[in-house]
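Numbering (full-length UniProt numbering), first residue to last: 1 to 444. Note that beta-carbon positions come from the ideal geometry of N, C-alpha and C, so glycine has one too. Shown next, in structure tokens, is the structure this report addresses.
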């Protein structure tokens with residue numbers, strides 16, 4: 001009979017062999033990251049020798065979908081052979097797999113049909129519209145909620161302007177913004193399905209990261225620095241020209257002191273305008289210079305100063321004190337005490353509060369913004385018209401085939417390009433569009 005010491009040695013040997021086997025199993029395992037279209041992410045520790053069908057079984061426990069109805073995507077391509085091992089697909093440590101439901105295609109059961117039900121697409125006219133996306137419902141809600149309307153004016157000025165324009169304009173702008181959001185969501189899904197090593201996919205991912213960083217930066221500013229979104233009151237002072245009261249705008253960025261032709265008429269000094277100095281003033285905009293007044297009396301508080309004025313044809317501000325006057329009299333803009341100090345005399349005059357500034361002067365900055373918006377709108381319209389003209393180009397492929405492929409969410413231009421590469425083969429073009437993650441049309 002074996003002694004007790006021999007039995008202990010044999011038990012230790014068995015345990016050592018079992019530990020070595022376990023260590024080999026642990027070393028052979030790899031960690032995979034699994035993600036879904038609804039951004040559900042989890043990790044699995046699996047062996048490279050594991051068959052695809054067993055991986056689907058593990059994933060089905062996590063996502064609650066039958067393993068037979070799961071399609072696994074790797075590097076933008078579907079893995080179709082369930083009997084193959086993971087190493088046969090060249091899946092290695094740290095790789096990311098995308099899983100999604102698969103619907104059976106009754107016309108061809110050998111080819112899987114991808115379930116894009118999670119992708120939001122614009123509903124057709126026959127479908128019922130969600131009340132949250134119904135323009136009339138949203139507009140009525142804003143009419144009954146002034147607080148939400150004020151937030152809309154701050155966060156979405158374009159939609160707020162459409163709200164004031166009427167129901168039809170509001171419906172049009174809201175629909176355009178909804179379509180833009182849906183297109184961004186489709187683009188995000190397209191990036192998930194594309195090959196991560198593709199240069200175009202890398203560019204799209206970089207653009208998505210940049211956009212999210214900008215959104216995060218804006219959210220932080222609105223949370224911790226909301227005053228930066230408020231409107232700053234411009235610097236105006238009370239003064240007199242030729243004995244007539246005028247509200248003058250202080251502009252240290254203007255080269256010369258400017259007065260409007262209407263203001264010169266109110267101050268009865270138009271007879272002094274020298275038209276030999278007529279010309280064009282170029283700055284933020286372009287204004288016609290009527291002429292120049294070489295010398296006139298300017299009163300600030302109790303100081304009487306000599307000043308010259310450049311007279312503009314159409315200037316909304318009555319008068320603008322420029323750098324020529326500010327430097328000549330060594331003026332200081334003291335924002336802490338909210339006063340303008342005239343260095344040559346020591347006189348101080350306070351800047352006007354917002355309530356003391358006429359409304360037409362307060363709205364000058366807003367009007368300039370509206371002009372810029374109108375110009376940008378005209379430019380965007382011309383770009384869209386050029387794109388539509390390009391899309392209407394004739395092709396050698398049947399229009400029905402092009403429309404069918406465009407119905408999957410791809411642009412007409414990309415569809416035509418893939419048809420050209422595939423020699424007009426519709427099936428090959430569709431497969432290329434699905435697996436390569438072609439870029440969606442850019443938002444305008």
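Check                                                                                                                        : Outcome
For residue 361 and residue 316, the rounded distance between their alpha carbons                                            : 7 Å
Span of the alpha helix (DSSP H) around residue 337                                                                          : It is not in any alpha helix (DSSP H) - residue 337 carries neither H nor E in the DSSP assignment.
DSSP beta-bridge partners of residue 248                                                                                     : 237, 319
Exposed unless 16 or more other CB atoms sit within 10 angstroms - verdict on residue 309                                    : buried
Between the CA atoms of residue 416 and residue 39 - distance to the nearest angstrom                                        : 32 Å
Own chain residues within Cβ distance below 6 Å of residue 78, not counting five before or after                             : 71
Reference residue 172, options 328, 405, 162, closest by Cα                                                                  : 162
Residues that DSSP places opposite residue 163 in a beta bridge                                                              : Its beta-bridge partners do not exist; DSSP assigns none.
Close beta carbons around residue 57, own chain, < 6 Å, minus the five adjacent residues each side                           : 67
Buried or exposed (CB count within 10 angstroms, at least 16 for buried), residue 121                                        : Low confidence applies to residue 121: its pLDDT is 45, below 50, so where it sits in the model is not reliable enough to give any reading.
Residue 53 versus residue 180: straight-line alpha-carbon distance, rounded                                                  : 39 Å
Proximity to residue 413 [Cα-Cα], best of 402, 345, 55                                                                       : 402
DSSP beta-bridge partners of residue 153                                                                                     : Answer by DSSP bridge pairing: none, since residue 153 is not bridged.
Residues that residue 305 bridges to, as DSSP identifies them                                                                : 298
Spatially closest choice to residue 299 from 159, 182, 211, 267, by CA coordinates                                           : 267
Cβ separation of residue 312 and residue 261, assumed to be a contact under 8 Å, to the nearest whole Å                      : 7 Å
DSSP-derived helix/strand/coil call for residue 253                                                                          : coil
Coarse secondary structure for residue 243, derived from DSSP in three states                                                : coil
Buried or exposed by the 16-neighbour rule on C-beta atoms within 10 Å, applied to residue 42                                : exposed
Residue 323 vs residue 237 beta-carbon contact at 8 Å                                                                        : no
Beta-carbon spacing of residue 136, residue 157 below 8 Å                                                                    : no
Best match in 64, 347, 330 for proximity to residue 302 [C-alpha to C-alpha]                                                 : 347
Proximity to residue 318 [Cα-Cα], best of 325, 250, 332, 98                                                                  : 250
Residue 422 - DSSP class collapsed to helix/strand/coil                                                                      : coil
Reference residue 143; option with closest CA among 164, 155, 422                                                            : 164
Backbone CA spacing between residue 264 and residue 258 [nearest angstrom]                                                   : 10 Å
Bridge partners - residue 72, DSSP secondary structure assignment                                                            : 79, 99
Per DSSP, cross-strand counterpart(s) of residue 279                                                                         : 289
Spatially closest choice to residue 60 from 247, 35, 84, by CA coordinates                                                   : 35
Option nearest residue 423 by Cα separation, candidates 409, 408, 398, 411                                                   : 398
Where residue 106 falls, given that 16 or more other Cβ within 10 Å makes a residue buried                                   : Only weak support exists for where residue 106 lies, its pLDDT of 40 falling under 50; the coordinates are left without a value.
Alpha-carbon to alpha-carbon, residue 243 and residue 286                                                                    : 30 Å
Residues that DSSP places opposite residue 274 in a beta bridge                                                              : 292
Per-residue DSSP class, three states only, for residue 175                                                                   : helix
Neighbourhood of residue 153 by C-beta distance below 6 Å, restricted to the same chain and skipping five residues each side : 160
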